[in-house]
Amino acid sequence: MNGVVVTGVGVVSALGLTAGEHFDRLLRGESGVALLDHPDAAELPSLLEARVPPIDVRRTIEQRLLRKILAPSAVFSVLAAGQALADAGIPPGDGRRRDCGLYVGSVQLDVDFNLFAPVMRESLDRQGRFDLRLFVQRGMKVLDPLFMVKALPNSGLCGITIEHQVTGPNINLANGTVSGLQAAALAAAAIRRGDADLALAGGFDSLLHIECMVEHLLAGRVAGQSDPPHRACRPFDLERQGYALGEGAAFVLLESERHAAERGARVYASVLGAAHTYLPPEHAEAGEALPNAARNALAAGGCGPDEVDAVFGDGLALEAEDLQECAAWQALGASRAVFTAATPAVGFTGAASGSLSLVHAAMALERGVIPPLLNCDRPDPRCALPLAHGPVERECRRALVWNSDWRGKRTALLVGRG
Amino acid sequence: MNGKDHPRPRRVVVTGMGAVTSLGADLDGIWSALLDGRSGVAEIRQFDSRPFPVRIGSEVPPELAGDDGRLLPRAARFGLEALRRAWRDAALDGGAGLDPWRSGLCIGCSSFPVMEDRVDNVRGLLDGDRLHTANYLQEIRRRPELLGQRDMAAVSALLSEGYPLRGLSMTVQAACTSATQAIGESFQAIRRGEADLMVTGGTDSLLSVACLTGFTLLGALSAWQGDPAVASRPFDRKRDGFVLGEGAGILVLEELEHARARGAEVRAEILGYGSSSDGYRFTDMHPEGLGAARCMQAALASAGLAPGEIDYINAHGTSTPLNDRIETLAIKRVLGEHAYEVPVSSNKSQLGHLICAAGGIEMILTVLTLQRRVLPPTLNLEHPDPECDLDYVPNRCRPAEPRVALSNSFGFGGQNGTLVVRRWEEA
Amino acid sequence: MSTLSQERIVTPEEVEEKVVAAVEHALDLDPGQVKPESSLTEDLGAESLDFLDIAFNLEREFNVQLPRLDILQRATDHFGEDTLVKDGVVTERGLDLLRKGMPEIDPARFRPGLKATEVAAMFNVATFVRIILRLLEAKRELPRECPKCGKTMIESEVTPELVCESCDESVPMPTGDEILLRDIISLDTALDR
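Protein chains in written order, with my numbering: chain A, 2 to 419; chain B, -7 to 419; chain C, 249 to 441.
As structure tokens, this is what we get:
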């Protein structure tokens, strides 16, 4: 069996436009959370956001058509994927890109309602009702003919293939939060069975548009205003109140161990095992799903629970989710593992969240320091987790990354070093 | 990855199939309709399509599109029905002693904002040329089902829900290649030992005002104004775009020994899967068919087969001028001279293009082709195209003895997928 | 939306300026890179999605409907099989029509053996200008009397149609496909003579 290693990382987040800047700020305990500033949200209750800094696409994306077609979050994916390739020393024009795999987690991209507003307006009859005949005659004439291409969930993947000429085996998952981490598991499997020597894997998402804001607001999952805003998201804290909406992309370049050794590549970490489970949250045995995924990932990697040095989880600052992560940690018996999560610093980043955690784990293993979990000042006594309140310097040999979707999907992935 | 070393690669077989299409939901019925040369394409009826420049589609009959009161999107209803049929076809009713943690589901599906669902208070939602956010919030409070339509994870979650499937649960979205990629990844998950049973395939319905409009504006649809049944004409010189379809095709894949242990009837064996990207353009295929060819080659390599061992190809064959020409080129690139001896047919000539579900129903029909020893036709092939010069089984089905078949899917965004499947013969 | 006033005659220079602007915008080019003789595909690298984008913006700008169909194919349906295109190759008669019908293209490029699918790649900025001027001309020739009440019809600000000021009757303008097909038929008749 081929071993699989991480040899490149790339991140676009509220904390920075490169993995290095992002991780340094994460280690320093900085946060990208601020008051939400969006024209559509003016009439909503005050919300928080973790927004990616402005990107000059004319300078960062070479292919003209991509600049026109790609939604902002898909642009993140193209940049993060490019970073991971460059970081791994696979430059543009390198023939190895042709057979490099590409495994991407995304969601349905936003079709901005404001794109349809003029269309709707033209399609109303005198009584203000939508009229199909008027829609075809008038509304359609003012609708951007490219709207559907711009909203393709696989447009990020397609953008990466065009911009970076990465054209090997691939898949695009649109599977909610766990998409990005699942994509990494599939990529590792492809390398293991010899379908590719190299594979990019990652996820991207943006929750900063009106439908998401409304959805998460109504579900009671987002933190309200807090002073200062970056203190708002408090996982495992008695005053937890949810998360800030975030956005971003994170990619790793995975490589067969042999291939990496032959070319003398720098190795961040090895991917040792992965597992997936699903049970709807209301199911009586739903609590088993996350620990089962974690146990199966450990078993796949031939690793005992007491060997795990760190767990990179979600930390959504929601009661049920926080308790579920604690219960999973306890059920697993990972007695010496430190627990951390980046949601307080980068917001909830949806399909990118598991990929971000994977990058954090890989960088933590390489640098020997685990990034902190912010804002848990008064821990909920029910959450007896060994949290990383500050950066924890520790020689890590095994780290577990887990990621849950609110619909009940869970993925766990084990990485190691040495 | 699974921690267990398997001395021999695990074999993956098809043990159940279920479908919902414009030609019905009964597999025998669909099959005989295809052999009889019937088309499921007609005028769209689920909304008033008369004002539209394109008015035809391959629509699931109303009796199969009924709602169970849960206000589910059509694609979800088709998926549930096809899954119910596949589950029964695989004789899995009652659970059959499955280990639910080693059983999963991976499905190709898309979702799009369904415009007509949002329009009963459209004036209230408009604030000049923008969305009136406060009114929108109110509307959503009133009709929460309008939310979450962008979340395709919901579809695989919903389908898994009522079944003992607690392992891998995934929704794949790779445009027209989705279902093929879903089947391919399911095959890989079983082969590498991560799962023993996977429910897979695709379900989709883009026959909505928004999507009909979207595809029309892209110029992708056939503008045929005559008899709807002859609009979809893959490989015909007069082809002018695809016909939008809807439906679902779901398969149960199992590890061979697992299937044998529970006495399941094996329908076919999946031998290989390959995928690739064009890396060229969003909606145009690579002009030399390089991406499509590499995908077929990868599938053959995965199956350990030589090009000469392929007996039949179930084509992507969309009836767009570009796809059919490039697919032909790519087949010749991969099979060489053997290409002229291999029959190729496109079910889209009769069922239209099921987009994210296309690879699911076409895989089922490929399995039936192998089992029943008849090649389904490519309908409406009347005007030969000098650039499409293979044997497309024109207009009439044909008895044959194919043992190994390919099923191709090539999608918007340049994602390609090919599956290799072999007729089941008890050794 | 800034639609050019329809009640005055738009000059060819104005049309050219707008086409150049639409092409620059769609292809993300700097001013000065687009010339009247620039071929969109061959010189400027436009692909099919760019054509949709450019057409969408020009249609809104001039309130016309540009042709959608491959005109040779459309005309073939009118003239009969194999008259203008045979086995995908443009016939002598088809080449003659193209040379006369697309005067902005070097006639030497319409050489025997030309494939029908290669024609669109020759479209240049002047092609768009010519077609738009033709559609604007056709628009001016439309009768302005309402068929229902006899009052004056004015042009809709949104869509290529005339609407009656008093009775709400609307009449769609002929599409680019219709107008160009008519033109190619009369051109063919003239060539026969």
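Where a beta carbon is used, it is the ideal one built from N, C-alpha and C, also for glycine.
Just so we're clear, the structure is a prediction, and the values are computed from it rather than from any experiment.
Query, Result
"Extent of the continuous beta strand (DSSP E) run through Y128/B", "Looking at the DSSP string, Y128/B is not in any beta strand (DSSP E); the run it does join, the alpha helix (DSSP H), is T125 to R134."
"CB contact below 9 Å: R316/C versus chain B", "yes"
"Whole-Å CB distance - C98/B paired with L189/B, under 8 Å assumed", "Rounded, the Cβ-Cβ distance is 11 Å, inconsistent with contact."
"Between the CA atoms of V370/A and D418/A - distance to the nearest angstrom", "In the sequence as displayed, the identity of residue 418/A is Arg instead of Asp. So the alpha carbons of these two residues sit roughly 13 Å apart."
"Chain-order list of residues whose beta-carbon lies under 7 Å from that of S124/A (same chain, five-residue window excluded)", "F131, D132, L135, F136, R139 and G140"
"Within-9 Å CB hit, N339/B to chain A", "no"
"For E35/B, the first and last residue of its enclosing beta strand (DSSP E)", "V33 to E35"
"9 Å Cβ cutoff, D335/C in contact with chain B", "yes"
"Length at least 4, wholly inside the segment 3 to 89 of chain A: the alpha helix (DSSP H) runs in chain order", "20 to 28, 58 to 61, 65 to 70 and 73 to 88"
"Any chain A beta carbon closer than 9 Å to M144/B", "yes"
"Residue environment, F39/B, which counts as buried when at least 16 other CB atoms sit within 10 Å", "exposed"
"Close beta carbons around E73/B, own chain, < 6 Å, minus the five adjacent residues each side", "V12"
"Identified DSSP bridge partners for A166/B", "C168/B"
"Coarse secondary structure for Y279/A, derived from DSSP in three states", "strand"
"Endpoints, beta strand (DSSP E) assigned at R408/A", "Run containing R408/A: none; DSSP gives neither H nor E here."
"Distance between beta carbons of Y244/A and V10/A, contact taken as under 8 Å", "Actually they do not touch by this definition, with Cβ atoms about 23 Å apart."
"Short CB-CB distance (under 9 Å) between I318/B and chain A", "no"
"Contact under 9 Å by Cβ, L381/C with V258/C", "yes"
"Contact with chain A by A68/B, beta-carbon distance below 9 Å", "no"
"Spatial distance of H308/B from Y272/B (CA atoms)", "19 Å"
"Interface residues of the segment 284 to 297 of chain C facing chain B [CB-CB below 7 Å]", "E295, S296 and L297"
"Minimum length 3: unbroken beta strand (DSSP E) runs contained in the segment 222 to 281 of chain A", "246 to 257 and 270 to 279"
"Beta bridge counterpart(s) of F131/A as assigned by DSSP", "L125/A"
"Whole beta strand (DSSP E) elements within the segment 299 to 340 of chain B, 3-residue minimum", "304 to 306"
"Cross-strand partners of C384/A (DSSP beta bridge)", "In DSSP, C384/A forms no bridge with anything."
"Which residues DSSP lists as bridging T410/B, in chain order", "G266/B and N400/B"
"Pairwise C-alpha distance: A368/C and T339/C", "16 Å"
"Limits of the unbroken alpha helix (DSSP H) element including T205/B", "V201 to L209"
"Anticipated Cβ contact below 8 Å, L414/A with L182/A, distance rounded", "6 Å"
"Integer Cβ distance of R379/A from E240/A, believed to fall under 8 Å", "7 Å"
"Within 9 Å, strictly: CB atoms of T375/C and E393/C", "no"
"Residues within the segment 54 to 66 of chain A neighbouring chain C, beta-carbon criterion of under 7 Å", "R65 and L66"
"Option nearest A287/A by Cα separation, candidates V150/A, D406/A and S14/A", "D406/A"
"F340/A - partner residues in DSSP beta bridges", "V312/A and L388/A"
"Closer than 9 Å at the beta carbon, the chain C residues around P146/A", "L297, L300, D301, A303 and F304"
"Assigned exposure category for L63/B - 16 Cβ within 10 Å defines buried", "exposed"
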